[in-house]
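Written out below as structure tokens is the structure these notes cover.
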Amino acid sequence: MLLTTTPTVEGRPIRVYHGVVTGEAIVGANFVKDFLSSIRDIVGGRSGSYEKTLRSARETAFAELTESALAAGANAVVGIDIDYEVLGESNGMLMVCVSGTAVTLA
Numbered sequence: 871m872l873l874t875t876t877p878t879v880e881g882r883p884i885r886v887y888h889g890v891v892t893g894e895a896i897v898g899a900n901f902v903k904d905f906l907s908s909i910r911d912i913v914g915g916r917s918g919s920y921e922k923t924l925r926s927a928r929e930t931a932f933a934e935l936t937e938s939a940l941a942a943g944a945n946a947v948v949g950i951d952i953d954y955e956v957l958g959e960s961n962g963m964l965m966v967c968v969s970g971t972a973v974t975l976a
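Counting from 1 along the sequence shown, just add 870 to a position and that's the residue number in our numbering.
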């Protein structure tokens, strides 16, 4: 499955448009990560635990997108958009949404 943010793939004309496909992942940030992150805010540096959580959520969202495209009969998704949002009463949840157009390339 070819996944790209571009609207076309050079040298590969689009034969069939299958429609918009999406993938979503919502993950919670726990107390320990929040605490360690606040320490990082004070002393500086990267938050490895948050980066790992974000990476996992993004991979899950892309896996769902790929599943949807395969189910539609596509061999590629073009024009992919990736969005990140925080949700919840205390912004304790992270949402990753990906969407694009499922297509069959020549």
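Glycine included, C-beta positions come from ideal geometry on N, C-alpha and C.
On a predicted model such as this, the values are computed, not experimentally measured, just so you know.
Rounded Cβ spacing between residue i and residue j (contact assumed at less than 8 Å)
{"i": "alanine 972", "j": "valine 891", "result": "5 Å"}
{"i": "threonine 923", "j": "valine 897", "result": "6 Å"}
Residues bridged to residue i [DSSP beta-bridge criterion]
{"i": "alanine 895", "result": "Val966"}
{"i": "threonine 971", "result": "Val890 and Val948"}
{"i": "leucine 957", "result": "Met963"}
DSSP-derived helix/strand/coil call for residue i
{"i": "alanine 942", "result": "coil"}
{"i": "aspartate 929", "result": "Note that residue 929 is glutamate in the sequence shown here, rather than aspartate. Here glutamate 929 sits in helix by DSSP."}
{"i": "glutamate 880", "result": "coil"}
8 Å CB neighbourhood of residue i in its chain, flanking five on each side removed
{"i": "isoleucine 950", "result": "Leu873, Thr874, Thr875, Leu935, Val968, Ser969 and Gly970"}
Proximity to residue i [Cα-Cα], best of the options
{"i": "histidine 888", "options": "Thr923, Val948 and Met963", "result": "Val948"}
{"i": "alanine 942", "options": "Val879, Ile896 and Val886", "result": "Val886"}
{"i": "alanine 895", "options": "Ala939, Ser938 and Ala931", "result": "Ala931"}
7 Å Cβ shell around residue i - same chain, five flanking residues per side excluded
{"i": "aspartate 953", "result": "Cys967"}
{"i": "alanine 944", "result": "His888, Ala972, Val973 and Thr974"}
Residue i: CB within 7 Å of a non-hydrogen atom of the ligand HEM
{"i": "arginine 928", "result": "The ligand HEM is not part of this structure, which contains no ligands at all."}
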